[in-house]
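The structure appears right after this line, and notes come after that.
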Amino acid sequence: MIVLVDLLLMLIDLTGSILSAILQTFLRPRLKCIDGELCLITGAGGALGRLFALEFAKEGAHLVLWDCNAAANEQTARLVRELGVRVHTYTVDLSKRRNIYETANRVRAEVGHVSIMVNNAGVVAGRRLLDCPDELLERTLLVNCHALFWMTKAFLPRMKEQNHGHIVTVASALGLFSTACDYCASKFGAVGFHESLTHELIAEDLNGIKTTLVCPYIVDTGMFAGCEIRKELRSIIPPLEPLYTVQQSMKAILAEQQMICIPRLMYIPFLLLNLFKCILKVRNSCPSSHFPKLPIVDQIGAFAGPIKPLGPYA
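Going by mature numbering (1 follows the signal peptide of the UniProt record, and there is no 0), the letters in the sequence shown line up with residues -17 to -1, 1 to 297, in that order.
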């Protein structure tokens, strides 16, 4: 009986979300002003991080840029300064909790309190589970998932004091469907982190702190160079252009949208997968062979992107 109630509530919530998405398609959402806000972006030396920095700069936000690659991070800062925006750079290894907390203290002392945090940094090992060294597996999970907790613990308290802020989690469509073991596990964690954090903030009536989950399909940044997309998907959904991905993400952030899948086609398998899970709960049991095979990438071993695992975050 409880399962049926859960299924009914899920369907009601799903219907509401679909109707809301349809309305937003035809009605232009009101975009908030972030002029003068202090925005921290991780992985700012990578392709997506650099574009996020430029887009936030165009909106008038002051920037704090974090990356493990000092040279790439400074290059992003130079581009931002050309727009006349105040920017500060910090070299940070997000796989090290102490490094995050110490740098967060420096930011508060030297720059001020962060009101927008974009958790964009990400790495991938790109190898099958048994072929992947433990160090690379651990680094993927630390940077893509664990760092989200440490970053939030470092900057959320001040946001809560003021009931004002915005936390953006750049996950992936691969955080919704299983394929590359290490990367998907870390992005599944990122999705769960976002959902849990959102629920915590709602439960505490902190309606001034917004959250946005960004789930793009594979983005053509070089991070996934060499991987083979399933042939059924190649012609339908080619890899995304980085600029398009960031521009769509910015629209969702400024509209205070809780989640965005890029492209919109990615919403369909996501909704179907969740509906399928609810049906399985009703049946109470199902052989593993009945689960749908939904990997996007076929050839994990063909990855060429993570040759430099300690390079700038994508």
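For each residue, glycine too, the CB sits at the ideal point set by N, CA and C.
Keep in mind the model is a prediction, meaning the values are calculated, not measured.
Using beta-carbon positions only, say whether residue i and residue j come within less than 7 Å of one another.
i: T204; j: P225; result: yes
i: L157; j: C164; result: no
i: A154; j: Y84; result: no
i: A27; j: A36; result: yes
i: V151; j: T195; result: yes
i: T123; j: A108; result: yes
i: G191; j: H147; result: yes
i: F197; j: L223; result: A quick correction: the sequence has Val, not Phe, at residue 197. No, Cβ-Cβ distance for V197 and L223 is not below 7 Å.
i: A139; j: N102; result: Residue identity differs from the one stated: residue 139 is Leu in this sequence, not Ala. Contact flag unset, no.
i: A173; j: P12; result: no
By the 10 Å Cβ neighbour count, where 16 or more other Cβ atoms means buried, how is residue i classified, buried or exposed?
i: K20; result: One detail in the question is off: residue 20 reads as Glu in this sequence, not Lys. That one is buried.
i: K170; result: buried
i: D114; result: exposed
i: D188; result: exposed
i: K193; result: buried
i: T25; result: buried
i: V106; result: buried
i: S78; result: buried
i: Q241; result: exposed
i: A30; result: buried
i: D117; result: exposed
i: T181; result: buried
i: N56; result: buried
i: N127; result: buried
i: N88; result: exposed
i: S232; result: buried
i: I236; result: buried
i: T(-3); result: exposed
i: I185; result: exposed
i: G32; result: buried
i: V(-13); result: exposed
i: A44; result: buried
i: L(-7); result: exposed
i: residue 305; result: The structure shown does not extend to residue 305, since the chain spans only -17 to 297, so no value can be given for it.
i: L10; result: exposed
Between which residues of its own chain and residue i is the CB-CB distance below 7 Å, once the five residues before and five after are set aside?
i: L(-9); result: none
i: Y250; result: C244
i: P199; result: S155, A156, L223, T228 and I245
Just to confirm my understanding: we take residue i, look at its own chain, exclude 5 residues before and 5 after, and list those with CB closer than 8 Å. What are they?
i: V90; result: L23, V47, H71, Y73 and V97
i: L248; result: I219 and I220
i: P93; result: In the sequence as displayed, the identity of residue 93 is Glu instead of Pro. Correct list, in chain order: H71.
i: K143; result: E187, L189 and I192
i: L14; result: K234, L237 and A238
If you reduce the DSSP assignment to three classes, tell me which class residue i lands in.
i: N102; result: strand
i: H273; result: Note on H273: pLDDT 44, under 50, position unreliable in the model; the coordinate value appears next. H273: helix per DSSP, three-state reduction.
i: I220; result: coil
i: I245; result: strand
i: I24; result: strand
i: N267; result: The pLDDT assigned to N267 is 48, lower than 50, so where the model puts this residue is not dependable; a value taken from the coordinates is nonetheless given after this. The answer is coil: DSSP assigns N267 none of H, G, I, E or B.
i: G109; result: coil
i: V(-13); result: helix
i: Q240; result: coil
i: E121; result: helix
i: C16; result: coil
i: G29; result: coil
i: G11; result: The sequence shown places Arg at residue 11, not Gly. R11: coil per DSSP, three-state reduction.
i: V90; result: helix
Looking only at DSSP bridge pairs, what is residue i linked to?
i: H71; result: V47
i: I150; result: M100 and T194
i: P199; result: I245
Would residue i pass as an interface residue toward chain C - the criterion being a Cβ-Cβ separation below 7 Å?
i: K143; result: The chain labelled as chain C is not found in the depicted structure, where only one protein chain is given.
Just to confirm my understanding: we take residue i, look at its own chain, exclude 5 residues before and 5 after, and list those with CB closer than 6 Å. What are they?
i: W133; result: R80 and I83
i: C51; result: D76
i: I17; result: E42 and A44
i: F176; result: L131
i: G95; result: L21
At a cut-off of 6 Å, is residue i close to the ligand MN when judged by its beta-carbon and the heavy atoms of the ligand?
i: V47; result: Among the components of this structure there are no ligands whatsoever, and the ligand MN is therefore not found.
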